[in-house]
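So the structure is just underneath, and the comments pick up after that.
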Amino acid sequence: SQKIEQNSEALNIQEGKTATLTCNYTNYSPAYLQWYRQDPGRGPVFLLLIRENEKEKRKERLKVTFDTTLKQSLFHITASQPADSATYLCALIDTGRRALTFGSGTRLQVQP
Amino acid sequence: EPEVTQTPSHQVTQMGQEVILRCVPISNHLYFYWYRQILGQKVEFLVSFYNNEISEKSEIFDDQFSVERPDGSNFTLKIRSTKLEDSAMYFCASSERTISGNTIYFGEGSWLTVV
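The listed protein sequences derive, respectively, from chains A and B.
Residue numbers are given in the working numbering: position 89 of the first sequence equals residue 89, and the series is strictly consecutive.
Residue numbers are given in the working numbering: position 104 of the second sequence equals residue 216, and the series is strictly consecutive.
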């Protein structure tokens, strides 16, 4: 069966440290993988998109890697801040489809 | 920054009643979507809409659901006869071009409670 797995346990880190979140997928052949931020009671907010032929993408303090052999994406936030505290969602678009499939998200808590 | 707007923000309805959730996508966007999120669960795809027709739908989007773009700005989701399990946050989204490789913008959601 198809699965997108993100660590369901909250990730607690100290301000200034790098947060690393993991997204693993099974039985998908995604052409694209995206990361979103979701705050409680709010809609997902797009952060980064990475294509299957890209290994790494950066945007300010954010970095995403995409390993199609391992079927894994890593999402990094460097110099983390308490304002980065939120749930981060991994989402992919399977080849030939026009819909985003989301993981269940990982809650990040950055302690001051 | 342009945004997707949704109304109502919260609606409580009796089981069996019809509900219409409304969305105004970003003005130059051509692709529209509905997603839902049951409390504590993942965001789930319902339907995508392009050129005045459904381009893809999920198993969740059964005959009780319908979508419409009644004019040039609104995009609606109708649930004909609500069930308790329809209680969820419903997100409208839009994108300028096809989803592949493009940013999707989500609204803030309409929280539907069926009692």
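Quick reminder that beta carbons are idealized off the backbone N, C-alpha and C, glycines included.
Going by beta carbons, residue 127(B) and residue 196(B) fall inside the 8 Å limit. Annotation note: the stretch 165-214 of chain B contains the following uninterrupted beta strand (DSSP E) runs of length 3 or greater, listed N- to C-terminal: 165-169, 177-180, 187-191, 200-207. For residue 215(B), same chain residues with a beta-carbon under 7 Å away, outside a window of 5 residues either side, are 207 in chain order.
Interface annotation, residue 168(B): in contact with chain A, CB-CB separation under 8 Å. The Cβ atoms of residue 165(B) and residue 97(A) do not sit closer than 8 Å to each other. Cβ-Cβ distances below 7 Å link residue 24(A) to 5, 71, 72 in the same chain, with the five nearest sequence neighbours on each side left out; the list follows chain order. Within the stretch 32-48 of chain A, contact with chain B at the beta-carbon level (separation under 9 Å) is assigned to 32, 34, 36, 38, 41, 42, 43, 44, 45, 46.
About 7 Å separates the beta carbon of residue 89(A) from that of residue 155(B), a gap short enough to meet the 8 Å contact definition. Not a single C-beta of chain A is nearer than 8 Å to the C-beta of residue 117(B). Residues of the stretch 149-160 of chain B with a C-beta less than 8 Å from any C-beta of chain A: 153, 154, 155, 156, 157, 160, listed in chain order. For the pair residue 226(B) and residue 199(B), the Cα-to-Cα distance works out to about 5 Å.
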